[in-house]
Amino acid sequence: MEIEIPKVYEPEKVEDKLYDFWQKNSQFSSLPKDGQKPFTIVIPPPNVTGVLHMGHALNNTLQDIIIRFRRMQGCNALWVPGTDHGGIATQNVVEKLLLSEGTNRHKLGRDKFLERMWSWRKESGDTILNQLKKLGCSLDWSRTRFTMDEVCSKAVMTAFVELYNKGLIYRGKRLVNWCPRCQTALSDIEVEHEEEIGKLWHIKYEIKPQKPSKGKKAAAEKEHLVVATTRPETMLGDTAVAVNPKDKRYKKLVGRTILLPLTQREIPIVADEAVDATFGTGAVKVTPAHDPTDFDIAQRSKLPMIVVIDTKGAMTPEAGAKYAGLDRYAARKAVLEDLEAQGLLLETAQHPHSIGHCYRCDTVIEPLISEQWFLKVEDMSKRAMKAVTDGKLKFYPASWEKPYLLWLENLKDWCISRQIWWGHRIPVYYCKSEKGKDGKPCKPVASAVPLEKCPNCGGAVEQDPDVLDTWFSSALWPFSVFGWPNGKESQISDFKSQISDLSYYYPTSVLVTGHEILYLWVARMVQMGLEFMNNIPFSEVYIHGIVRDKSGKKMSKSLGNVIDPLGVMKKYGTDALRFSLSQSAAPGRDMQLSDDSFLGARNFANKMWNASRFVLMNLQSVFWEPGYMAIWPLELADTWILSEYRQLVKDVTSSLEKYDIDQAARLLYEFFWSKYCDWYIEIAKIRLNGQDDASKKVALSILIEVLGGFLRLMHPIMPFITEEIWQTLIKFLRSPSQIKSISIMTYKWPEFDEAKLEKDSLAKMQIIMDVVSAIRTIRSEMNVPPGKPIKVIFNVSEKDASSVLEAHQPYLKALAKLEEINIGSTVERPPQSATAVVRGVEIFVPLAGLIDLEKEIARLEKEIVNAEGEEKRCEQNLANEGFIKRAPAVEVERVRTRLKDARLKAERLKDNIKSLKN
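So the sequence shown is numbered by this note's numbering: it starts at 300 and just counts up by one.
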C-alpha cells in the first residue's frame, strides 16, 4: 500500500480540515438513547462580548479532554455550548459605540436601544464560539443556547414568578453596592476588593456639654471625642458615633450627645459590639446610608439614615449647600480643608485597606440605600450545603469544599435587580389605576407572559423597569438549556424521542470552572437546581487555577504580559497550546506559561509525527498484516514495551477519571518520548535492518499496536495530530469493512488487562536501559566521540543481572555503540578507566587510546570548576530568605534540582579524574 506521508507536520493545513470532517460526520452530536449512560457537561457560558483569552483556552481545553475521554469510553457524551448575554458588560460595549457616534441610550430610548443591542449581538456575539472551534472543542453545536434566547428566557421568567409567588423574592430598601459608572446595583460577589494604601484621618468631634446639676458650675473646657475615618466626606451623613460597650475609655460617654463638625447637628454616642476597639481611636462615625456595618448598627440602635451621596457619586443637598453637587472626592478635599481650618483635623496617617470596585468597569463602589429586588437564600443555602456534607456533591480538589460551605453559611439575601436595560426585564407589573375593583390600589402582579392589562381591574399596566442580575439566568443554565420548565421534548428541532432531554441529561456529570466564580455561579446553580429540579445540577466540580506568566504574575493588559491563545495556535499549532495547558493544569493550582512551554509542546508534536511516520513508512516497505504478534515469539523489548503500554493505559485512565489531567499529560509524554521513541524504536531499527523477516514483522506489529493505543490515549489532549496520524494508521490496522468508526474520537478507549502485565520484563529491561544510559553518560563526560565503538567491562555480582546482560548483548552493542563486552563477577577496575554503578552492575570503560589523557584531565578540571560554581550559586539562592519567600514554588524546586545535579556531576568528574591519573 503506497501512501504519501508528509515529512513535516503542518497544523495549519490539518486543523480546519479535520474539524470540518468531525462536524460533517456529526462526531460531536448526542441524542437521548435508552440504555446508554449519558455523560454531560454544560459550558460555563462566555459573555457575548468575549474574545478567547488564555483563561477560556484553559477552561475549555480541560472540558474537551474530559468529554472526548468519556465519549471514547462509550458514554453518550454531550457538551452543550452557549453564551451569556453579559448584562452590564455587554451594555457598556454598545454604550461606548453609541458615544463614539455622538449619542447615548437615553437619547435612543429603551426600545431603540434594545434593537441596537440585539443587532450587535447578531453581528458579534458568536465570535468566541467560532474561536472555540479553532481550539478543537467538540461541542454539540446543534444545541447552542443563549441566556436570552426564547428557551432560556422562558425558564428565567418562570423561575422568577415561582420564587415570587413563594414569597422568596421581595422588594425593599436596603444598603446595596452601587456603581456610579454603570448606574446599577451590584451583588456582594460582583464587587472586587483591592488592597490599597489609603489614609486614616483623626477628627475631633465636640461632645455637647451636660447641664450642670444644681449648685455646680459648667465645665470650663469643652469635651471632645476623636474619631478615625477613611471617608471624611461621609461624615456629613453621620447619625451617631459608636464605641464598643466593653471599651472602658468610653463607657461613661455612651448616651451623651455629639455636635457634628461643620454642621453642629446633634447625634448620639451609642454602644455596639461591631465596633473594633483597636481600630483607630476605638470610636467610629456611623453613616448608615453609606456603609454596611454602619447600616447594621443603625438597625440595632434605631438611628435615622441620611443620604449625602447620590447615584452619580455626587453630594446631595442633605450634605449642606456648600458641598451639594460636588463629586465625592472633591467633597472629601473640601471637607478636610474646612476641618483643618477649624482645628478639628488632628492627624493623618497611612492606612492599608480594602476598596470595593465594580467587577466590570473598575469604578470604586458606593454603598447606597436603594429600593431593589432581593431573593431570600437562607433555606436554599442550607440545602446547597447539605449536598456537600452528605457527599452528593464533590469538589476536585476537595480543599474547595470548605470555602464553598463557609460562603453559604454567611450568605445574605441576593440583590437580583439591576438598573440597566440589557437583560431579562423583571416580570412584575404595576396597575396604573389608582383604585381597583374593590376601591383599593391593585397589588403588583408577577407574570411569566407579558401583561397588557391588570388582571384585577382591567386597567393599564406598567412593567418594572429593572432587569435581573446576569447571574440569575446563569444559575438556571444546567436545566434551562434542556427546555425547563417544559422538558418534555428534545431541544433538537428535527428529533422526536420518547425520552426528554431534561430527564436524560439532567443532572449533568461535572462542572469545570475556575475558582473565581465559585460563589458567583457554582453555588447559585446548586441552589437553583435543588429549588426547581429537587436535584443537584452536577455531582462533581473540577476547579482549576488561573493562568499566569512565566514569573507567576497574573496576566493583564496593563502589565503587558498577556499571552494571546489565538497567536499561540497560529505559531505553534492548537495541539501545542492544549498540551502546554494540560501538563500545567494541576487541580486548583495556578499555572505559569511561557513561549518555552509552547515550543516544547510543538517539539513533542513533531516527535509524535516523526515517530509515526517512521512506523508508517516501514509498513509500506515490509510485507505485513495484522496478527503476527499473536503467532511469533516475542523478545524482551516487545514484552517490555507492551507491559509499559498496558501500565500507561491503567495510569492515564485513572488520572483522567480523577481529573489529574496534568498527570495524564506527563505520563503520556514520558512514555512516548522516553520509552517508545528513545528505546523501543531504536531497538526495532536493529531488527528492521536485519535479515529475520519474522522478527521484522513482530517488531512492526508491536510498533503499530502500541502506537495505535497511544494515539487513542493522547487524543483527548491533542485531537488534531492524533486524528491525522490515525486516519493513515487505521488503513493498516483493519480492512475497510472492519472499521466501525470513521474517527479516532469514537474508537474504543483502551482497556487495562492486569493478566498481560509482565513485571519481570519491566525489571529486566530496566537493567539494560540503566546500563546503556550510564555508558552514554561516560561517553559524554569523558568526551568520547558518540559514534566511536568502545570496549566495556561489567562486574556483576547478581546472577539475574548477569544473565540479562549476557542474553541481550546485541541490544547493548547497538544502543551503546560497543565493539566488545566482557562480563565477570570478580573483575578489577582497569587502569585509566571511567566507571559507573547501576543496579548492582559495575561498568568500566577503558579510555587508553580513546582520548588524550592530559587534555581530558584539563577539560574535566574546568568542568568541575563550572559545576562547583553552579553549586555555589544555587546554595546562595536557597540561603536567601527573600528568594524562598517571593519566588514561585516551581522556581525554588528547580534551583534545588540544579543544586543536586551540580553536586553529583562534580563528584562524578572528580572520580573520573582520579581514575585517569591512576
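Virtual Cβ for every residue (Gly too), placed ideally from N, Cα, C.
Short of 6 Å from the beta carbon of S893, and not among the five residues preceding or following it, lie these beta carbons of its own chain, in chain order: K849.
A direct Cα-to-Cα measurement between D874 and G408 gives close to 48 Å. For L947, the closest alpha carbon among the candidates W1048, K906 and K984 is that of W1048. In this model, M1044 and R367 are separated by some 7 Å (Cα to Cα). Around the beta carbon of C660, fewer than 16 other beta carbons lie within 10 angstroms, which makes this residue exposed. Comparing C-alpha distances from L667 to each of H355, L635 and G612 shows the shortest one belongs to G612.
Per DSSP, R1195 lies in no beta strand (DSSP E) segment; the continuous alpha helix (DSSP H) that holds it begins and ends at A1188 to K1216. About 11 Å separates the CB atoms of N1211 and L1152; that is not less than 8 Å, and the two are not in contact. Judged by pairs of C-beta atoms under 8 Å, the stretch 709–728 touches the stretch 454–464, as three or more such pairs exist. Classified as buried, G385 has 16 or more neighbouring CB atoms from the shown chains inside 10 Å of its CB. Note on F578: under 16 other CB atoms within 10 angstroms of its CB, so exposed under the neighbour-count rule.
Contact check for S808 against L692 fails: the beta carbons are separated by 8 Å or more. The beta carbon of R847 is closer than 7 Å to those of K853, M854, D889, M890 and Q891 in its chain, skipping five residues each way along the sequence. Going by DSSP, R470 is part of no alpha helix (DSSP H) but of the beta strand (DSSP E) stretching over I468 to C478.
Straight-line spacing of the CA atoms in A1147 and I1156 works out to 13 Å.
A straight-line Cα-Cα distance of about 13 Å links P567 and K551.
For the alpha helix (DSSP H) assignment, the uninterrupted runs of no fewer than 4 residues enclosed by the stretch 1098–1128 are, from N- to C-terminal side, 1098–1106 and 1108–1115. Exclusion of the five residues before and after Y805 leaves P777, F778, F781 and M832 as the residues of its chain whose Cβ lies within less than 7 Å of its Cβ. Selection I1029, V811, L1012 and T938 evaluated against A1054 yields T938 as nearest (Cα-Cα). From the listed residues E314, F327 and A356, the smallest Cα separation to D863 is found for A356.
H492 sits in a strand when the DSSP states are folded into three classes. Following the DSSP letters along the chain, one finds H355 inside the alpha helix (DSSP H) bounded by residues M353 to M371.
The alpha-carbon separation between K1098 and I985 amounts to approximately 27 Å. Annotation for P1129: F1143 and P1145 place their beta carbon closer than 6 Å to its own, counting only its chain and skipping 5 residues before and after. Just measuring C-alpha positions, the residue of L674, K675 and P702 sitting nearest V687 is P702. In the structure shown, S1040 adopts coil according to DSSP, grouped into three states.
Each of D626, M907 and L829 was checked against the Cα of H1014, and the nearest Cα belongs to M907. T443 is positioned such that its CB atom lies closer than 8 Å to that of L428. Annotated as distal: D637 and G581, with beta-carbon spacing of 8 Å or more. Straight through space, the alpha carbons of Y803 and P587 are spaced by roughly 51 Å.
With respect to the 8 Å criterion, S954 and Q962 are classified as neighbours on the basis of their beta carbons.
With a 10 Å radius around the Cβ and a threshold of 16 neighbouring Cβ atoms, N346 comes out buried.
When DSSP states are grouped into helix, strand and coil, T339 belongs to the strand group. C714 is bridged by DSSP to F673. Nearest in C-alpha terms to V606, of all of D590, H501, E969 and N1121, is D590. Contact fails between the stretch 1016–1024 and the stretch 370–384, because fewer than three Cβ pairs, one in each stretch, are under 8 Å apart.
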